[in-house]
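In the working numbering, the protein residues as written are 387 to 830. No residue lacks a Cβ here, since even glycine has one placed at the ideal position from N, Cα and C. Just below is one structure, and these are the notes that go with it.
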Amino acid sequence: MDTPICEFVNRYHLSSPIRLHMPGHKGQCLTGLEHMDITEIEGADSLYHADGIIKRSEENASRLFGCPTIYSTEGSSLCIRTMLHLVLLHGGENTVIAAARNVHSSFVSAAAMLDLKVRWLYPSQPDSYLSCKLDAMELEIFLINERPTALYITSPDYLGNIADIEEIANICHRHNVLLLVDNAHGAYLRFINPSLHPMTLGADLCCSSAHKTLPALTGAAYLHIAQSAPPICYNQAKNVMALHGTTSPSYLILQSLDMVNVHLVNGYRFQLKERIRQVRHMKERLMEYGYALTGDEPMKVTILAKAYGYTGIELAGFLRQEGIYCEYADPDHLVMMMSPAIDETQLQRVSQVLADIPRRLAITEGPPAFHQCEQERSIREAMLAPCRTVPADHALGRILASPSVGCPPAVPIAICGERIDLAAVQRFRYYGIQQVTVMSDYGW
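Structure (structure tokens):
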């Protein structure tokens with residue numbers, strides 16, 4: 387498989403050009419990467435109007451993923467905005483998006499910009515705001531009653547839970563509902579046997595972050611479109627992405643995506659298979675030590691910290707002291723993301739550090755109950771309204787204007803436009819949110 391973007395940039399650099407174009411560094415090295423950093427000069431193609439080297443590279447990626455695949459240099463966030471806009475073009479003014487509640491904050495900002503009507507789905511037995519397992523029968527009844535244009539879910543979620551995409555896709559398609567999947571954490575799922583990637587299992591539109599689980603630079607991502615999706619989705623994808631994205635996509639990230647294609651065909655599947663086996667053994671060892679785990683994603687290790695007598699934040703602190711940095715920690719969870727780039731020796735070291743932490747009596751206190759707050763204003767109205775920041779403990783009765791969460795995990799504790807009730811205040815306090823942004827024209 388060729389790497390047309392990388393080959394062009396390398397030829398350009400070796401020609402010792404006088405760069406009378408952006409960027410301003412002119413190829414002179416400050417960080418060591420500048421000589422490979424270019425813009426849309428003649429022959430370099432253009433991401434949103436690709437007909438040359440970028441198009442060829444995207445075609446390589448499309449063959450690897452088994453469906454039309456478009457590059458993003460702004461992560462899955464740009465892909466999410468694009469997916470939702472495409473559904474709006476397909477559904478028109480009556481578009482309604484049904485969404486599992488554990489969405490990324492980029493979904494909320496896109497809903498605000500597009501003024502989408504959103505119907506939230508909550509799990510029947512919530513155990514964390516980061517997860518939202520849907521019951522098949524309840525989902526079918528919901529789709530019959532609400533008749534949304536599309537269903538939007540997150541799989542894998544931040545804790546490593548994988549939805550039954552095939553079953554959900556079948557339910558959606560029985561009722562003429564498009565299935566959109568935020569697969570940001572699961573790009574690698576295409577390359578295990580059998581494939582667990584949402585596009586293999588029936589999704590219509592899907593985003594995958596190459597930088598999260600594949601060896602790509604931060605910001606590298608894919609937008610996948612099923613062959614069976616409405617034609618407008620493919621025909622307008624680039625135009626819509628250009629509307630929401632920067633006019634200066636990073637050529638360093640594009641080269642990274644280009645090189646990943648070659649990496650994926652040169653032994654990656656075998657490396658991944660071996661590492662999955664080793665991670666599975668690691669999980670088994672951790673359970674033998676007394677740790678409780680959750681999630682079924684093969685390359686994510688999520689510890690239920692309180693069962694071992696600690697918070698996830700405390701366990702993360704022990705790991706940092708040993709030079710080990712986890713993906714995410716909160717009072718209940720410790721999340722570690724693996725890849726073939728982590729070798730077996732490193733996995734063993736992590737296991738040993740965790741084994742050396744003395745087990746304590748389990749902490750029985752759980753997180754505050756998670757439920758739906760009353761929606762007072764639309765997401766758009768709340769997010770675009772004049773606002774002010776107040777202490778979270780003083781936000782009772784106010785209307786939330788901003789998701790008020792950082793990344794990770796970037797999953798909103800409450801949704802913009804919702805009235806903050808006592809349970810929401812308790813959740814803010816539990817997860818360490820000290821200030822929230824509320825509509826300033828309400829209740830003052």
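Buried or exposed: where does residue i fall if 16 or more other Cβ atoms within 10 Å of its Cβ makes it buried?
{"i": "glutamate 674", "result": "exposed"}
{"i": "serine 737", "result": "buried"}
{"i": "leucine 629", "result": "exposed"}
{"i": "glycine 461", "result": "buried"}
{"i": "asparagine 569", "result": "buried"}
{"i": "phenylalanine 656", "result": "exposed"}
{"i": "glycine 829", "result": "Here the model assigns glycine 829 a pLDDT of 43, short of 50, so the residue's position is not dependable, and the following value carries that caveat. Exposed, because fewer than 16 other Cβ atoms sit within 10 Å of the Cβ of glycine 829."}
{"i": "proline 409", "result": "exposed"}
{"i": "asparagine 547", "result": "buried"}
Where residue i and residue j are concerned, what is the direct C-alpha to C-alpha distance, given to the nearest angstrom?
{"i": "aspartate 742", "j": "leucine 705", "result": "11 angstroms"}
{"i": "leucine 603", "j": "proline 684", "result": "22 angstroms"}
{"i": "leucine 747", "j": "histidine 719", "result": "16 angstroms"}
{"i": "cysteine 415", "j": "methionine 645", "result": "22 angstroms"}
{"i": "arginine 442", "j": "threonine 389", "result": "9 angstroms"}
{"i": "alanine 787", "j": "alanine 768", "result": "5 angstroms"}
{"i": "glutamate 553", "j": "leucine 529", "result": "14 angstroms"}
{"i": "leucine 472", "j": "methionine 627", "result": "10 angstroms"}
{"i": "leucine 650", "j": "glycine 783", "result": "51 angstroms"}
{"i": "threonine 586", "j": "isoleucine 749", "result": "41 angstroms"}
{"i": "arginine 666", "j": "leucine 672", "result": "10 angstroms"}
{"i": "glutamine 820", "j": "alanine 796", "result": "16 angstroms"}
{"i": "glutamate 445", "j": "alanine 771", "result": "42 angstroms"}
{"i": "threonine 855", "j": "leucine 808", "result": "As displayed, the chain neither begins before 387 nor continues past 830, which places residue 855 out of reach and without an answer."}
{"i": "histidine 407", "j": "valine 395", "result": "14 angstroms"}
{"i": "tyrosine 694", "j": "methionine 523", "result": "35 angstroms"}
{"i": "proline 744", "j": "glycine 676", "result": "10 angstroms"}
{"i": "arginine 449", "j": "isoleucine 799", "result": "38 angstroms"}
{"i": "proline 754", "j": "proline 617", "result": "44 angstroms"}
{"i": "arginine 576", "j": "phenylalanine 814", "result": "36 angstroms"}
Near residue i, which residues of its chain fall below 6 angstroms by C-beta distance, leaving aside the five closest residues on each side in sequence?
{"i": "cysteine 518", "result": "Ala486, Arg487, Asn488 and Pro509"}
{"i": "alanine 436", "result": "none"}
Go through its chain and collect everything with a Cβ distance to residue i's Cβ below 7 angstroms, but skip five positions before and after it.
{"i": "alanine 781", "result": "Ile806, Val811, Val822 and Val824"}
{"i": "glutamate 713", "result": "Val721, Met722, Met723 and Pro794"}
{"i": "glycine 605", "result": "Thr459, Glu460, Gly461, His597, Ser636 and Ile639"}
{"i": "tyrosine 817", "result": "Asp716 and Ile799"}
Near residue i, which residues of its chain fall below 8 angstroms by C-beta distance, leaving aside the five closest residues on each side in sequence?
{"i": "glutamate 751", "result": "Lys692"}
{"i": "glycine 413", "result": "His399, Pro403, Arg405, Glu420, His421 and Asp423"}
Less than 8 angstroms between CB atoms is the rule here; does residue i satisfy it with respect to chain B?
{"i": "alanine 612", "result": "This model lacks chain B altogether, as it is built from one protein chain only."}
Contact between the region 561-572 and the region 530-546 (3+ Cβ pairs under 8 angstroms): yes
Touch test, the region 634-650 against the region 487-498, Cβ-Cβ under 8 angstroms, three pairs minimum: no
Touch test, the region 607-614 against the region 587-594, Cβ-Cβ under 8 angstroms, three pairs minimum: yes
Validate contact between the region 497-504 and the region 759-773 using beta carbons, cut 8 angstroms, 3 pairs: Two segments are said to touch when three or more pairs of C-beta atoms, one from each, lie closer than 8 angstroms; by this definition the region 497-504 touches the region 759-773.
Touching by the beta-carbon criterion (3+ pairs, under 8 angstroms), the region 615-626 and the region 537-557: no
Runs of alpha helix (DSSP H) wholly within the region 452-484 (minimum 4 residues, chain order): 461-477
Whole runs of the alpha helix (DSSP H) within the region 724-763, excluding any shorter than 4 residues: 730-741
Any alpha helix (DSSP H) of 4 or more consecutive residues that is wholly inside the region 592-672: 596-599, 617-621, 623-630 and 637-651
Contiguous alpha helix (DSSP H) assignments of at least 4 residues, all confined to the region 483-561: 491-500, 522-532 and 551-560
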